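Written below as structure tokens is the structure these notes are about.
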Amino acid sequence: MLAQAREVLQHVWGYDDFRSQQADIVTRVASGEDALVLMPTGGGKSLCYQVPALMRPGTAIVISPLISLMQDQVATLLQLGVRAAYLSSSLDAYEARAIESQLLDGSLDLLYMAPERLVTARTLDILQRTPISLFAIDEAHCVSQWGHDFRADYLGLSVLAEQFPQVPRLALTATADLRTRADIKRLLRLENAEVYLSSFDRPNIFYRILPRLNALEQLTDFIKREHPSDAGIVYCLSRAKTEKVAEALQARGFPAVVYHAGLPAHEREANQTKFLREEGVIVVATIAFGMGIDKPNVRFVAHLDLPKSLEAYYQETGRAGRDGLASTVCLFYGLQDVIKHQQMLAQSEGSEEHKRHERRRIDAMLQLCETTDCRRQLLLRYFDEHMPKPCGHCDICAEPVATWDATEPARMALSAVYRTGQRYGVEYVVEVLVGKRSDRILANQHEQLAVFGQGQSLSLKSWRSLFRQLLAKGLLLVDGEGFGTLRLAPECRPLLKGEVSLALRQDKDTLTAQRRSSTASRASQTLDAADQPLWLGLRALRRELALAQGVPPYVIFHDSTLMAMVEHMPLSLNEMRLIGGIGDSKLSRYGDDFLAVIRQHVDAMV
Ligand code: ADP
Ligand code: ZN
């Protein structure tokens, strides 16, 4: 069975071998049993059902929540010479009938559809009259109300267990928490399914978090240094901010487009298409953008505002580097984020339990920002995964954070909050500490307080950093309304009484040059200068072929496949055949064209 599966993998996909658990999953499903697959983004879930679909008689039915996902998958499969189609509301009745009759003819290997279509009496009736090889339920976490993408239509999928008990079912998701997992098993009737849980580590992603000073300057510096001419996503909280940031990037010569739910549909679509089809486009977006974006060569994801939880952060950053090549994620966050989140918590109307839950989620996010230990270890621990050693591939591992003894300044800060009556925000209290004789301070006679001017040895920046960390640690609280009035939290008492000391991180707010030379993050940076012309030539050919067929370039070949061509410079179809990602179909479609470009390059070299 495994030998047969490998044969399919090599001939159709042109890949050498399965990754980690793929082989077990494929053989299990191919032999007719159920499975639940939990794998991170980019882990290779699609092959888990696509390979068995080609091994078993009949058509595989794939349930997918989004039309863009279905289109992408089908375009990719067609390139591989696999007979695939999708049924969606974007087709007219005539087109849909044509696909239904292909299904009944047995001339489809895979058929994608949304859950709401599957559960109609009409579709179920057709499926009863057709040999089905398997059911694959993609994005299976949509069945759970705990998650963020709940879709009521997914609940109807339990019908598959009742009506097609003999057909193997496979559920796949990148959401691994226990509650969601239990929901999937129960609601999709997968009690007997073998569960395959992969590590959720994304080793090719470099994690970086920086205190925000001037976000735009920091962002452009980051892109210029680490990802010039790469595709990336920049997330902002508000629509207005996405527009402002996109304009600023454009003004600096970056090909940036904007995406948020408030744009007219045609503009949104055009911007998304540009991002998918052209190389090196940056999309500045609210979190409305992302679900269903399968672009494999997103090289960076930047956040200009704090995500609301580690789940959200992990999901949004996970859109970088699906192709397994080096990618960077960078979060810029600051005092205002902490204040805003505390205010949102204070205003939240839910039950006490709900509030506690929310607080835990935000605290975990803040902890990731303020940690002085490996970010990846902390992130994985949150997802119940133990990583024994620091990762060596995050900003803190690359350059350990210094801490300083902030016990005295912190006590001074807490005392200043208390002495000014717990009625002011950070800016005011800092002014008192550094001894600024502003009108407001004089009017309140706060220049007469003992703490007034006691904090002159620290810069304004250091004071703000200190307040941010006190807030993030929950030693200070802010009010829900107004300008973020500070209050002492009960937790600060031991510190005030001198019973404990406090170490805080020494902020570093600029990128260090070290990273650029030590880790080549862009795909093309790993190439010698002499190879650049070939790389560009291959990319140009890929773009031309993609344009002619109206598909994204990565559907023709991935960056990693083009890079392997540059590295090995195959000069015959037989040699070309050995490159990862070139199966039978792509070899006969594109082999000669790409060989011509390589030969031309080799001729020019000698
Ligand atoms: P997921 O759906 O889990 O996010 P995909 O199925 O899209 O991931 O796979 C991610 C990338 O990895 C794809 O480009 C896919 O072609 C590639 N891939 C998957 N399995 C293998 C393999 N065994 N060998 C080489 N590349 C693979
Ligand atoms: Zn690390």
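The sequence shown: position 285 = 285 (this note's numbering), numbered continuously. Just so it is clear, CB atoms sit at the ideal spot from N, CA and C, and this is done for glycine as well. The model shown is predicted, which means the values in this text are computed figures rather than measured ones.
What's the call for residue i, buried or exposed, on a 16-neighbour Cβ count within 10 Å?
| i | result |
| --- | --- |
| ALA540 | exposed |
| SER517 | Residue confidence is low: SER517 scores 35 on pLDDT, short of 50, so the model does not pin down where it sits. No coordinate-derived value is stated. |
| GLY321 | buried |
| ALA413 | buried |
| THR485 | buried |
| THR372 | exposed |
| ALA174 | buried |
| THR76 | buried |
| SER107 | exposed |
| ASN574 | exposed |
| PHE594 | buried |
| ALA513 | Any reading at ALA513 must be qualified, since the residue scores a pLDDT of 43, below 50, and its modelled position is unreliable; no value is offered. |
| HIS357 | exposed |
| HIS266 | exposed |
| SER501 | exposed |
| ALA596 | exposed |
| LEU477 | buried |
| ASP559 | buried |
| GLU399 | exposed |
| SER89 | exposed |
Regarding residue i and the ligand COA, is the C-beta to nearest heavy atom distance less than 8 Å?
| i | result |
| --- | --- |
| ARG299 | Because the ligand COA does not appear in the structure shown, any question about it cannot be addressed here, the ligands present being the ligand ADP and the ligand ZN. |
Per DSSP, which one or two residues make a beta bridge with residue i?
| i | result |
| --- | --- |
| PRO113 | As written in the sequence, residue 113 is Met, which differs from the Pro given in the question. Answer by DSSP bridge pairing, in chain order: ILE63 and LEU87. |
| ASP405 | ALA503 |
| THR328 | PHE206 and PHE300 |
| VAL234 | VAL284 and ALA302 |
| THR76 | Bridge partners of THR76: none, in fact. |
| PHE135 | ILE61 and ARG169 |
| CYS394 | TYR207 |
| GLU194 | ALA35 |
| ARG487 | LEU477 |
| TYR333 | PRO211 |
Roughly how many whole angstroms lie between the Cα atoms of residue i and residue j?
| i | j | result |
| --- | --- | --- |
| LEU187 | PRO65 | 16 Å |
| LEU536 | ARG542 | 10 Å |
| ARG407 | PHE135 | At residue 407 the sequence reads Thr, which differs from the Arg that was named. Their backbone Cα atoms lie some 60 Å apart in a straight line. |
| GLU311 | ARG202 | 14 Å |
| THR328 | PRO228 | 12 Å |
| ARG129 | LEU104 | 7 Å |
| SER609 | ARG437 | Beyond the ends of the chain as shown, which are 1 and 606, falls residue 609; an answer cannot be given. |
| ALA285 | LEU263 | 11 Å |
| ALA182 | GLU194 | 13 Å |
| SER348 | GLN469 | 23 Å |
| GLU100 | ARG83 | 14 Å |
| LEU118 | VAL8 | 28 Å |
| HIS260 | LEU219 | 20 Å |
| LEU74 | GLY81 | Checking the sequence shown, residue 74 turns out to be Val, not Leu. So the two alpha carbons sit approximately 11 Å from each other. |
| THR519 | LEU325 | Residue placement at THR519 cannot be trusted, given a pLDDT of 39 that sits under 50; the coordinates are not used to answer. |
| LEU460 | GLN22 | 54 Å |
| LEU538 | LEU562 | 7 Å |
| GLY42 | GLY581 | 15 Å |
| ASP177 | VAL26 | 23 Å |
| ILE282 | TYR207 | 19 Å |
| VAL37 | ALA3 | 22 Å |
| PRO296 | ALA270 | 19 Å |
| ARG522 | ASP138 | Legend: pLDDT at ARG522 = 47, less than 50; position of this residue unreliable, no value from coordinates given. |
| ARG423 | LEU157 | 55 Å |
| GLY453 | ARG411 | 14 Å |
| HIS354 | VAL143 | 21 Å |
| PRO57 | MET365 | 47 Å |
| ILE205 | LYS586 | 29 Å |
| ASN214 | PRO494 | 35 Å |
| TYR196 | ARG179 | 16 Å |
| ASP405 | PRO307 | 29 Å |
| ARG268 | VAL257 | 9 Å |
| ALA604 | PRO533 | 11 Å |
So, is the C-beta of residue i closer than 9 Å to a C-beta in chain D?
| i | result |
| --- | --- |
| GLU243 | Note that chain D does not occur in the displayed structure, where there is just one protein chain. |
*Runs of beta strand (DSSP E) lying entirely within the stretch 243–305, each at least 3 residues, in chain order*: 256–259, 282–285 and 300–303
*Quick one: which unbroken beta strand (DSSP E) runs of 3-plus residues sit fully inside the stretch 29–63? Chain order, please.*
35–38 and 59–63
*Can you check the stretch 554–598 for any alpha helix (DSSP H) of at least 4 residues that lies completely inside it and give the ranges in chain order?*
559–568 and 573–576
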